[in-house]
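Remarks on the structure that follows.
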Amino acid sequence: MVDSAVDLFTKRGYAGTSLDEVVKRARVTKGALYHHFSGKQALFEAAFTQVETQAIEPLTALVTGAGEPWDVAVAGLRAYVRKCLDPEYQRIIVHEGPVVMGWERWREAEEHFSFGLLRTAVQLLVDAGEIEEAPVEIMARLLFGALSAAASTIASSSDPKRTGREVERAILRVLDGLRKR
Numbered sequence: 000m001v002d003s004a005v006d007l008f009t010k011r012g013y014a015g016t017s018l019d020e021v022v023k024r025a026r027v028t029k030g031a032l033y034h035h036f037s038g039k040q041a042l043f044e045a046a047f048t049q050v051e052t053q054a055i056e057p058l059t060a061l062v063t064g065a066g067e068p069w070d071v072a073v074a075g076l077r078a079y080v081r082k083c084l085d086p087e088y089q090r091i092i093v094h095e096g097p098v099v100m101g102w103e104r105w106r107e108a109e110e111h112f113s114f115g116l117l118r119t120a121v122q123l124l125v126d127a128g129e130i131e132e133a134p135v136e137i138m139a140r141l142l143f144g145a146l147s148a149a150a151s152t153i154a155s156s157s158d159p160k161r162t163g164r165e166v167e168r169a170i171l172r173v174l175d176g177l178r179k180r
C-alpha cells in the first residue's frame, strides 16, 4: 500500500492523489487502508518515512563505515546530492513534505532522519583533526540548513542535473573552507 502511495504521490503530488487511486493500485479495500492508516495524511507520512529511510540507510552505512573521515564526508555529500536528483525524494521529501506535514512536523522528521547522521560526520571530522575545533552542534546545524537549501534548489530547478553539479561544487567548497590547513 505504501509503495503504491509513494508512486502516486511522486507522480501526482498529495493534492492530485486520491485514496481511491491508492487502494486500486495496491489492490486492497478502503477498509484495509483505514485499518492501517487514519487517513491520507497518515498514509503520506508513511510514504515520507519510507522514502527518507531508503535515502538515509546507504548514507548511514557510508558515514559510519571504514575510511578516512574527510573522504567519507565528501563521499556522503556527493551521495546526498545524487539522492536529491531522485524524483521520489524531490517530490515527497522536499516539495510535498513541508506543505502536507506542516513546517514544524517536517523539520522534526528531517532532524530525526538526517541531522544525527550529519552531526556524527561533523564530530568525526573534528575528532580526526580535519576541521577546526568548533561547537559540533552549531556546525552541524549550519551545514544541515545549507543541505536543506541545496535539496530545495535542486528540486526546484528546471535543470536538476546541472544544478546538482553546481550545488555539489558549492557545498564541497564550503566544507573545504572548514578544513585545517
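Heads up: the sequence shown begins at 0 in numbering that gives the first Met the number 0, then just goes up one per residue. Glycine residues also receive a C-beta, built at the ideal position from the N, C-alpha and C atoms.
**Q.** When G12, E20, E67 and P97 are compared against A148, the one with the closest alpha-carbon
**A.** P97
**Q.** Nearest candidate by alpha-carbon position, reference P217, set T119, K160 and G176
**A.** A query on residue 217 cannot be resolved here, the shown segment of the chain reaching from 0 to 180 and no further.
Q) Which residue comes first and which comes last in the alpha helix (DSSP H) that contains G96? A) G96 to M100
Q.
So, with DSSP's three-state summary, where would you put R178?
A. strand
(Q) Can you give me the C-alpha to C-alpha distance between E51 and E131, rounded to a whole angstrom? (A) 31 Å
Q) Is it true that the CB of C83 sits closer than 8 Å to the CB of A169? A) no
Q) Which residues in the same chain as S3 place their Cβ atom closer than 6 Å to its Cβ, once the five residues preceding and following it in sequence are excluded? A) V21, R24 and A25
Q. Who are I130's beta bridge partners in DSSP?
A. R178
(Q) What does the alpha-carbon distance come out to for the pair L61 and E129? (A) 18 Å
Q: Could you check if S17 is buried or exposed, using at least 16 other CB atoms within 10 Å of its CB as the buried criterion?
A: exposed
Q: Indicate, with yes or no, if the ligand NAD has a heavy atom lying under 7 Å from the CB of A60.
A: Questions concerning the ligand NAD fall outside what the structure shown contains, since it holds no ligand whatsoever.
Q | Cutoff 7 Å; reference R178; Cβ partners in own chain excluding five residues on either side | A | E129 and I130
Q: Select from T162, E44, P57 and L174 the residue whose C-alpha is nearest the C-alpha of E107.
A: E44
Q) If you draw a straight line from the C-alpha of L183 to the C-alpha of F36, how long is it? A) Outside the shown range of the chain, which is 0 to 180, sits residue 183, and nothing can be said about it.
Q. Nearest CA to the CA of T63: which residue from Q122, L32, V27 and P159?
A. Q122
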